[in-house]
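First the structure, in the form of structure tokens, and then the observations on it.
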Amino acid sequence: MAKPRGTDGSLLASLPWTLAALTISLIPHVPFLPVWITVAFLGCAAWRFVIEKRRRELPSTWLRAGLAVGCFVGVFATYSSISGVGPGSALLAIMAALKLLETRKRRDQFVLLFLSIFLVMSSLLREQYLWSVPYMALSLIVIMTAWLRMSAGESQSARQSFATGGRLLLYAVPLAIVMWVFFPRLSSPFWAVPIDTSQASSGLSDTMSPGDITSLSMSDEVAFRVAFEGDIPEPRDRYWRGLVLTRFNGRTWSGREPSISRSALSQIEVAGDPIEYQVTLEPTRQQWVFALDMPTSWSLQRAFMGPQQQLARTTPIDQRIAYEVTSFTDFRIATELSEMYRNWYSALPDDSNPRTVELAREMHAEAKSDRAFVDAVLQKLNREEYFYTLEPPPLGRNPVDRFLFETRRGFCEHYASAFSVMMRSAGIPARIVLGYQGGEVNPIGGHLIVRQSDAHAWTEIWLDELGWWRVDPTAAVAPERIDIGASDAAFFGVGQAWGLTAPSRLMHQVKLTWDAMNAKWNEWILGYGPDTQKSFMQWLGMDDPSWRKMMLTLISLVIGLILLISLLLMLRYRPPQKDEAARLYRRFVKKTGLQPQTGETAHVFAQRVVESRAAPGDSVSEITDAYMDARYGPGGEAARGRLRNAVGAMR
Amino acid sequence: MSSIPWPFPSPRHLFPSLKARINARAKRWARKRQGRDPATTRLGPGRVYILPTGVGLIFGLMAFAMLLGSMNYNNNLSFVLTFMLIGVGFVSMHQCQRNLVGLELTFAGADPVFAGQTIRIRIAVTNQSKSARYGIRLYATGTNSDIHDLKPGESMVFVLPLPTEKRGPISLDRFGVRTLFPFELFRSWAWLHMDISGLVYPAPAETAPEPPPTMTAHGHRQHDARGEEDFAGLRKYHVGDSPRHVAWKAYARSGQLLSKQFAGADTSSQWLDFSELPGLDVEQRLSVLTRWIIDTDRKLEDYGLRVPGAEFAPAHGEPHRRLCLETLALFDGGGS
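So the protein sequences, as listed, match chains A and B.
Mapped onto numbering that gives the first Met the number 0, the consecutive letters of the first sequence carry residue numbers 0 to 650.
Mapped onto numbering that gives the first Met the number 0, the consecutive letters of the second sequence carry residue numbers 0 to 335.
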């Protein structure tokens, strides 16, 4: 059955708006889509518009089917999958483009508008920036206008539709806010769907192989932000503990999968004042949870402490999360280390890095105590020619030997690894902690920004009198790295090298302001999860918030708001008061100061007013005419308007 | 793509009788509840009903799916989008209902038509409020008016075309007014039960015998028209008499409307007689008479109509024509 394919230009009023709605909701996807999809969409949109404009025929079913098959094959070839946000939005864009080519009737455009709503939704799943909300509002108002254009009669201008769409959206805003605040948030998803598998994890690597990667990324990306209750700790105390690596195979340090330890927390002895703060962690797609060394309590659900005092969550962190932590920078991990564990923590593979092992044993034999041995090693790293660089040479086989005796250049991983190998060679249990060190204080937001470039590796060694004791060999080589932090070090370097300190200072200030806004945004809007919601509900005065209570509040508030909106609409659509003309006329009479006599008509009264010079003749006759027309003639609202203006303008 | 047929029967086809029954019951309920409406009726909020449309149901499903998605991803911005859409749904529901409430509907007549033609029932809709009303449509069983927008204070006549089959009075017991504005997510409507009636004339016969020749008063063919100059007397005024023939002087004296009768006029007029059409049944005769009336009227000649139970003296003009056609439309056999 062949369907008619001709167009009659009847969509000309609505089609441009539908195209605009689709385009505006597609724009956020463009950087992520293969170029040919954007080109195909724009091509189809332009093609369809010309067809309507010139009243041509739509492409034939065969051509459309061919295009559809081609496009779907193209999407599959590009992504080799059809699930996930990437291929999903590609498919949505393709479907919109193809649907355009068969849109003939007014109502076919419903499908297009539904597609554009889904496009907006999927762009929000991908990115949630500060500007995403205004952009969403813009997309929505264009979609709503297109929707209204679709069924608008000829008497409605696009401007009116735009105004109506905007008004209805505005009414919906308070409803949306109430629902957003009170709708109970789930702490766990129903089913785990990867948001975007193409994106690699941006957090720390689970293993460490100094010498394999020859340059460390200086990524400016934010790892997490921290808002402290009190003062921000000194840079040298800002060790953000992540994961712990315990096994070494000669090249690579590796840890274990996160596991719960019941005794880990009880091994911590603390002193000094607690430091309370909130961490807003960017998604890492890993399980590790970062906290200031050493955390003692944390608010994150399903988070636990592992045997080496590392924090982890049972599920990977693929959303930005916020959690509160209490830490102590003055602490001791006091535990008995059994013989078995002692061996485990000082195990080294046979016949790897032989020179390092030999050197360590010699130095240990010379030193009077383990403590003295540690100092000697640190002094060696400090006094001899070792350089801190982010671009060290590759190391090859026996990397520690090559690093210590030949290249002598490296960054934190190299030093931590070399130091640990030396400790283990001497029989001192050692392990490597991966995390972040330092962070930049944002004076505008009052919080600390920790970036990927602040990633750091340090060591913990076991000494009988101290327990597990943190030693940072990098500090021995590049103390400024620890004292002012990686970001600032890099910043000052760049600024001075180019002699452009002042302008880049200003730029930096702008960046910090932007960062502060983003921090608040993340904390209050994106980070509004089950925990924040609960504390917000308590702040609102709801005791013991449960989803039942929140739902009840939500429903009653929504009903209240709807009643309010209904009232607003009722006022908007109320008929004019029947006697408005009479009321206005009474006002006029009052202004003249005269009193109409019984049986005196409006015209006679007007004449009397003019004769007595109580009011100018023009306005009196205008008022009288408008009044007669409004009250007894067909004048209706227009005459009432005239009367209103005339009476208002009088004196 | 869209030409691929949906493999399942739609609910509309599955339960036609159920839907009709529900509809009929709802209409009966509304009729009982609202009573008969006066000729000018203002729609109160209590009689404007509302239900989601198919698009509205799909929209609701989409919003629900988006809510599940937002919950699953715990994505606060897609929550914002979802709740905005749900909010728009709520708002458009109220907007849709308010788009009708307060409208004033008045029956504005229906011109008679001949059977088989479409009678156009006119209903004036007035928007007295300060806001425009969009996408208003009137409907009745089997018919729809055009869709119109009403500016603030505007009044507009909507036309409901009704097909006619038989002569006689036609009435519209119920009609509705509805709107899909703003987003076609909801349909709100009101039923009205006004006294709306029109008249359907008999269908003019397509083939009719020649009208009877012009007769004199004595049954002879008239050969020489003597004109209207010979005054023959006065008789009571009938609707359709020419004002020129009204005896105004007599009226001034007695206060009674009298028409002057002219000999010439009487003798030169045609009588269209029901009984002079043997061999045809009643409806056929009425059809032929209708045809004759139309044709003679078009020739601007006087004609009289004689049917069992009624007789109209020869005259011409629109009121006379209407009187004759109305008589034929309402003819009930002359009491026999």
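Each residue gets a CB set at the ideal place from its N, CA and C atoms; glycine is no exception.
C-beta atoms of residue i and residue j nearer than 8 Å
i             : j             : result
residue 651/A : residue 403/A : Nothing in the structure corresponds to residue 651/A, since chain A is present only between 0 and 650.
residue 301/A : residue 313/A : yes
residue 321/A : residue 279/A : yes
residue 579/A : residue 641/A : no
residue 234/B : residue 257/B : yes
residue 529/A : residue 184/A : yes
residue 118/B : residue 112/B : yes
residue 44/B  : residue 100/B : yes
residue 330/B : residue 271/B : no
residue 369/A : residue 431/A : no
residue 569/A : residue 20/B  : no
residue 268/A : residue 226/A : no
Inter-residue Cα distance where the pair is residue i and residue j
i             : j             : result
residue 193/B : residue 310/B : 34 Å
residue 262/A : residue 134/A : 50 Å
residue 122/B : residue 39/B  : 10 Å
residue 315/A : residue 447/A : 24 Å
residue 630/A : residue 624/A : 10 Å
residue 93/B  : residue 22/A  : 30 Å
residue 140/B : residue 107/B : 19 Å
residue 337/A : residue 461/A : 12 Å
residue 668/A : residue 90/B  : Nothing can be reported for residue 668/A, as the shown portion of chain A is limited to 0 through 650.
residue 548/A : residue 540/A : 12 Å
residue 363/A : residue 420/A : 13 Å
residue 392/A : residue 409/A : 8 Å
residue 110/A : residue 169/B : 43 Å
residue 651/A : residue 179/B : Absent from the structure is residue 651/A, since the part of chain A shown begins at 0 and ends at 650.
residue 525/A : residue 180/A : 12 Å
residue 223/B : residue 315/B : Residue confidence is low: residue 223/B scores 42 on pLDDT, short of 50, so the model does not pin down where it sits. No coordinate-derived value is stated.
residue 634/A : residue 573/A : 18 Å
residue 439/A : residue 454/A : 13 Å
residue 276/B : residue 209/B : 11 Å
residue 299/B : residue 104/B : 39 Å
residue 351/A : residue 249/A : 6 Å
residue 74/A  : residue 94/A  : 11 Å
residue 137/A : residue 319/A : 25 Å
residue 83/A  : residue 450/A : 28 Å
residue 622/A : residue 83/B  : 47 Å
residue 559/A : residue 565/A : 10 Å
residue 24/B  : residue 34/B  : 15 Å
residue 76/B  : residue 17/B  : 43 Å
residue 251/A : residue 131/A : 42 Å
Among the options, nearest to residue i - alpha-carbon criterion
i             : options                    : result
residue 166/A : 146/B, 60/B, 187/B, 86/B   : 86/B
residue 125/B : 233/B, 102/B, 88/B, 133/B  : 102/B
residue 275/A : 292/A, 147/A, 366/A, 331/A : 292/A
residue 272/A : 229/A, 250/A, 305/A, 311/A : 229/A
residue 173/B : 243/B, 189/B, 167/B        : 189/B
residue 96/A  : 83/A, 77/A, 118/A          : 118/A
residue 133/B : 142/A, 139/A, 149/A, 131/A : 149/A
residue 397/A : 226/A, 465/A, 247/A        : 247/A
residue 648/A : 603/A, 590/A, 16/A, 359/A  : 590/A
residue 54/B  : 184/B, 318/B, 153/B, 201/B : 184/B
residue 289/A : 342/A, 153/A, 323/A, 479/A : 323/A
residue 292/B : 65/B, 321/B, 95/B          : 321/B
Residue-level contact to chain E via CB, residue i, 8 Å cutoff
i             : result
residue 133/B : Absent from the structure is chain E; the protein chains it does hold are A and B.
Give a yes or no on contact between the stretch 53–63 of chain A and the stretch 36–44 of chain A, applying the rule of three or more CB pairs nearer than 8 Å. no
I'd like the ranges of any alpha helix (DSSP H) spanning at least 4 consecutive residues and lying wholly in the stretch 105–135 of chain A. 108–125
Would you say the stretch 530–546 of chain A touches the stretch 227–244 of chain A, given that touching needs at least three Cβ pairs under 8 Å? no
Decide yes or no for the touch test of the stretch 122–131 of chain A against the stretch 24–35 of chain A: beta carbon pairs closer than 8 Å, at least 3 of them. yes
For the structure I just gave you, are there three or more beta carbon pairs, one from the stretch 6–20 of chain A and one from the stretch 102–111 of chain A, closer than 8 Å? yes
Just list the alpha helix (DSSP H) runs in the stretch 382–430 of chain A, keeping only unbroken ones of 4 residues or longer that don't cross its boundaries, in chain order. 398–401, 411–424
Inter-stretch contact (C-beta, 8 Å, three-pair minimum) for the stretch 248–266 of chain A and the stretch 468–482 of chain A: no
Complete runs of the beta strand (DSSP E) confined to the stretch 110–174 of chain B [at least 3 residues]: 117–125, 132–139, 147–149, 154–162, 167–171
Segments of 3+ residues assigned as beta strand (DSSP E) that fall wholly inside the stretch 304–358 of chain A: 310–312, 320–326, 329–332
Can you list the beta strand (DSSP E) stretches of 3 or more residues lying completely in the stretch 553–579 of chain A, in chain order? none
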